[in-house]
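Accompanying notes for the structure given below.
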Amino acid sequence: MSSFAFRNDYHPPKATGEKPPLHAETPPELYDHNFNGGPVPILASSKVTMVPFIPAWHAPHYAHHLQGDEELVKWMPYDPNPAHGYEAVLECYEKYIRSVPGSVLFAIFDTSGKTAVEPVIPGRLPLPKWHPPLNSFAGVMALLNTDRDHLSTEIGHIVILRHAQRTHVSSHAVGLLLHYALDHPYLQVPTASDSNGKDEVGNVQALRAPFAPAGNPTRGLGLRRCQWQCHHLNNPSSRAAKRMGFQAEGLIRMQRIVVSGNEEGRQNDGGFTGSRTSWMGSVTWKDWEEHVRDLVDKQMKREV
Numbered sequence: 001m002s003s004f005a006f007r008n009d010y011h012p013p014k015a016t017g018e019k020p021p022l023h024a025e026t027p028p029e030l031y032d033h034n035f036n037g038g039p040v041p042i043l044a045s046s047k048v049t050m051v052p053f054i055p056a057w058h059a060p061h062y063a064h065h066l067q068g069d070e071e072l073v074k075w076m077p078y079d080p081n082p083a084h085g086y087e088a089v090l091e092c093y094e095k096y097i098r099s100v101p102g103s104v105l106f107a108i109f110d111t112s113g114k115t116a117v118e119p120v121i122p123g124r125l126p127l128p129k130w131h132p133p134l135n136s137f138a139g140v141m142a143l144l145n146t147d148r149d150h151l152s153t154e155i156g157h158i159v160i161l162r163h164a165q166r167t168h169v170s171s172h173a174v175g176l177l178l179h180y181a182l183d184h185p186y187l188q189v190p191t192a193s194d195s196n197g198k199d200e201v202g203n204v205q206a207l208r209a210p211f212a213p214a215g216n217p218t219r220g221l222g223l224r225r226c227q228w229q230c231h232h233l234n235n236p237s238s239r240a241a242k243r244m245g246f247q248a249e250g251l252i253r254m255q256r257i258v259v260s261g262n263e264e265g266r267q268n269d270g271g272f273t274g275s276r277t278s279w280m281g282s283v284t285w286k287d288w289e290e291h292v293r294d295l296v297d298k299q300m301k302r303e304v
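Residue numbers (the UniProt record's numbering): 1 to 304.
Right under this line is the structure:
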């Protein structure tokens, strides 16, 4: 066996010891969502509006109503725990969402008037007139692990506050993100027939999804796959995914090292906490166009 030493100069990035800026007071017009998936729009259905998360608008109110409720986020693989207060929310969001180009977080507002949360904790900057009132805030939800090269994304970082659980909020928010992820950005409309009776396709038109405001449709990202993964013991999460049309793909064993992991690693293997086995489900573009879009739209029209 040769003793030749093959070269490998890789070194992990050096920690600077400095915390990244948390953008607690960055104005929305200067705030960079750093999302590689495409445009970051406002999404709205008949009962829910999802606004891209702006720390200066949303973090104080969110942190106040999440603080201390560790049960609500116990399955999340994050450190710091966002239930530990305002600074933890800012740090968690910057570390796991904004600084990761494939992720974007939305604040969820129940515009039906059926749920409300008090007290209202104003943000560091005032809300614009078009923004839903803060007392209609119902939680947050994100797209994660978006990959434009492979046309895939994931729905995750789901936190529905207690007062909005077992309502229409979750179904509408998941439905809006599925439309955003999987709707094709253009719709080809047949405009004429040739001599053989075959349709000729006219100019492409922007796809008008259910959440698109009249005259200004939100375009989908046109991805091929949207996945959902959760801790394999988090049955409410996997049930919610199945209800919204996600097809179970199986378990991914010891997928990641997390603070809340309940499976041991090997001694001295470099992982200082437990591992998590994940349940995985998905909706492909074929699923979406053949039946899941209709299922989702029916769920969003359902009275709860």
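Note that the Cβ used here is the ideal one computed from N, Cα and C, for glycine as well.
Please read all numbers here as calculations on a predicted model, not as lab measurements.
- The three-state reading of DSSP puts Tyr10 in coil, since its state is none of H, G, I, E or B.
- Close CB contacts of Lys242 within its chain, under the 8 Å cut and outside five residues either way in sequence, are with Ala248, Gly281 (chain order).
- Between Arg224 and Thr284, the C-beta spacing is below 8 Å.
- Taking 8 Å as the cut-off, the Cβ atoms of Arg148 and Pro185 do not count as close.
- Per the C-alpha coordinates, the member of Gly102, Arg276, His61, Pro101 positioned closest to Pro82 is His61.
- The C-alpha of Ala63 is placed about 18 Å away from the C-alpha of Thr115.
- Under the three-state reduction of DSSP output, Ala142 falls in the strand class.
- Beta bridge pairing from DSSP links Ala248 with Gly281.
- Between Leu161 and Val117, the C-beta spacing is below 8 Å.
- Beta-bridge analysis with DSSP links Trp228 to Gly281.
- A distance below 8 Å between beta-carbons, with the five flanking residues on each side excluded, links Ser278 to the following residues of its chain, in chain order: Gln229, Cys230, His231, His232, Leu251, Ile252, Gln255, Arg256.
- Here Leu90 is not near Ile97, since their CB atoms are 8 Å or more apart.
- For Asp110, the enclosing beta strand (DSSP E) covers residues 104 to 110.
- By the Cβ-count criterion, Trp130 is exposed, with fewer than 16 other Cβ atoms from all chains shown falling within 10 Å of its own Cβ.
- Ile160 sits in a strand when the DSSP states are folded into three classes.
- In the DSSP annotation of this structure, the continuous segment of the alpha helix (DSSP H) that includes Val169 starts and ends at 169 to 182.
- Put simply, the segment 265 to 277 does not touch the segment 289 to 298. Fewer than three CB pairs are less than 8 Å apart.
- The criterion of a C-beta distance shorter than 8 Å is not satisfied by Val140 and Val169.
- The Cβ-Cβ distance between Thr153 and Gly245 does not fall below 8 Å.
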